[in-house]
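Here the structure is laid out as structure tokens; the discussion comes afterwards.
Residue numbers (the UniProt record's numbering): 1 to 197.
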């Protein structure tokens, strides 16, 4: 899947996920070659256990999320071997350094709490998350002041809507009081997600 109809557009797992999410929401898979999509995701698995945006690329939390969510939507999570899935869980677990980093050797960023946390959630491995550490990162280092509200990407940055949304999603996964359950595959309330099925 590409960002444009001509061959000059980007083609990667982000667009593949979007195509799968739309197909699942519409319950119409006629425009998706699921076998080719699965093969593409398999080619994006990296030597370190993560999943890259493109074959031979670097694994990132966002691309892991897009690939696993797409496989779940296609009911093809079994297309990755047990060893691949275990390696991916270990790769995701290794991204937790107080908060979550999006790539190896990067600083933690609040949005990766969602990308990596949701991937672990979809792989039924969220229970291995160090909840207090990430919760502390989000609530004491990234949460805006009483005057600004929201969550920032990093400590000492201004809050923004994107990082606020993904931080709240992670807090929902961690069953933070007062938050509704989130479906990690669509990143929407579980009760609304149920209407799509």
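Glycine included, every Cβ here is placed at the ideal spot set by N, Cα and C.
In its chain, beyond the 5 residues on either side, 64, 65, 68, 92 have a beta carbon closer than 6 angstroms to the beta carbon of residue 119. When beta bridges are read from the DSSP output, residue 159 appears opposite 152.
Bounds of the alpha helix (DSSP H) holding residue 115 are 110-122. Spanning the alpha carbons of residue 25 and residue 193 requires a straight line of approximately 9 angstroms.
Taking C-alpha positions only, residue 88 is separated from residue 112 by approximately 15 angstroms. Looking from the CA of residue 162, the closest CA among 34, 151, 77 belongs to 151.
Residue 62 has its alpha-carbon roughly 17 angstroms from the corresponding atom of residue 188. In the assembly as shown, residue 36 is an exposed residue. Its beta-carbon has fewer than 16 other beta-carbons within 10 Å. A distance of 8 angstroms or more separates the beta carbons of residue 19 and residue 41. The region 70-87 makes no contact with the region 158-177, as fewer than three CB pairs between them are under 8 angstroms. Close CB contacts of residue 76 within its chain, under the 7 angstroms cut and outside five residues either way in sequence, are with 34, 38 (chain order). The closest CA to that of residue 115, considering only 22, 168, 29, is found on 168.
Counting every other CB atom within 10 Å of its CB across the protein chains shown gives residue 60 a total of 16 or more, marking it as buried.
Within its own chain, the residues whose Cβ lies closer than 6 angstroms to the Cβ of residue 12, once the five positions on either side in sequence are excluded, are 53, 54, listed in chain order. Less than 8 angstroms divides the Cβ of residue 181 from the Cβ of residue 190. Inter-residue distance for residue 90 and residue 96 is about 10 angstroms (C-alpha atoms, whole angstroms).
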